[in-house]
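According to full-length UniProt numbering, the sequence shown is numbered sequentially starting from 1. Heads up: the structure comes next, in structure tokens.
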Amino acid sequence: ESLAGRFELIRMGHWTFPEMKAAFGLSLQQWIYFGGYPGSVDYIGDFRRWRKYVKDSLVAPAIEKDVLLTSNIYKPSLMSQLFEVGCSYSGELLSLTKMLGQLQDAGNVTTLSSYLEILKQANLLCGLQKFACDEARKRQSIPKFTVFNNALFTAYRGKGFDKDYVDPMIWGRWVESAVGTCLLDFVEDNDCHL
């Protein structure tokens, strides 16, 4: 008899601030900026190397091997572009229709929406919908892009901790994105929905 499908799913989420502080001594500001990937902590002192590590060692394998090999993706370059733009706009409302104008590969809103759902299932990026009791209004709302780990936001949008931390307007974006990551983590751990 086959044992296919008989397994227990054990979720291993992104590291939280208390975990990163206990293991590596990260401050809250460092966790907000650099996120909760333990492997990248060694490179925090060299921002370029840190960014390269996150993109090449974490993001690329997650998308190229995990997502593309397990899902039917007809336009992989479109998904990659969606991921990059979505990470850059974490914590912001961005219409999928407007996003189409920024992307190189031709696609439509339905394709982007389905790719965003796949990225959400991979715990990389999601588009939070406006709360509404009416499902139609909820689906028509402009999504608020949120990364599951702020390291993804920083890798695509950051200019360096020293530059981004001193500007209150810019730093506020990182804090807002970090709040979103905490909410997503809470939802996963407590089996509820946003």
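Where a beta carbon is used, it is the ideal one built from N, C-alpha and C, also for glycine.
With residue i and residue j assumed to form a contact (beta carbons below 8 Å), what rounded beta-carbon distance in angstroms separates them?
{"i": "Asn123", "j": "Gly35", "result": "Not a contact, Cβ separation roughly 13 Å."}
{"i": "Ser90", "j": "Val147", "result": "4 Å"}
{"i": "Lys144", "j": "Glu92", "result": "7 Å"}
{"i": "Ser177", "j": "Phe161", "result": "Going by Cβ atoms, the distance from Ser177 to Phe161 rounds to 15 Å, so no, they are not a contact pair."}
{"i": "Lys130", "j": "Gly107", "result": "Not quite, the Cβ-Cβ distance comes to about 23 Å (not below 8 Å), so this is no contact."}
{"i": "Thr97", "j": "Val85", "result": "13 Å between Cβ atoms; not a contact."}
Out of the options, which has the shortest C-alpha to C-alpha gap to residue i?
{"i": "Glu19", "options": "Phe47, Gly172, Glu8, Val41", "result": "Val41"}
{"i": "Gln140", "options": "Gly101, Ser95, Ala151, Leu68", "result": "Ser95"}
{"i": "Ser77", "options": "Cys192, Glu64, Asp167", "result": "Glu64"}
{"i": "Asp164", "options": "Leu26, Gln30, Gly25", "result": "Gln30"}
{"i": "Gly39", "options": "Leu128, Lys55, Asp66", "result": "Lys55"}
{"i": "Met12", "options": "His193, Glu188, Ile170", "result": "Glu188"}
{"i": "Leu125", "options": "Val67, Gly25, Ala22, Tyr53", "result": "Val67"}
For the beta strand (DSSP E) that contains residue i, what are its first and last residues?
{"i": "Leu28", "result": "No beta strand (DSSP E) contains Leu28, which is instead part of the alpha helix (DSSP H) from 28-34."}
{"i": "Val147", "result": "144-147"}
Where does the unbroken alpha helix (DSSP H) through residue i begin, and where does it stop?
{"i": "Gly180", "result": "168-190"}
{"i": "Tyr156", "result": "150-157"}
{"i": "Leu58", "result": "Element bounds for Leu58: n/a, residue is neither H nor E."}
{"i": "Ser80", "result": "76-88"}
{"i": "Pro38", "result": "Taken as a continuous stretch (DSSP letters only), Pro38 belongs to no alpha helix (DSSP H), as it is neither H nor E."}
Can you tell me whether residue i is helix, strand or coil according to DSSP?
{"i": "Leu125", "result": "strand"}
{"i": "Glu8", "result": "coil"}
{"i": "Leu103", "result": "coil"}
{"i": "Leu93", "result": "strand"}
{"i": "Thr70", "result": "helix"}
{"i": "Asp164", "result": "helix"}
{"i": "Thr16", "result": "coil"}
Is the segment 43-52 touching the segment 107-126 in the sense that three or more CB pairs, one from each, lie closer than 8 Å?
-> no
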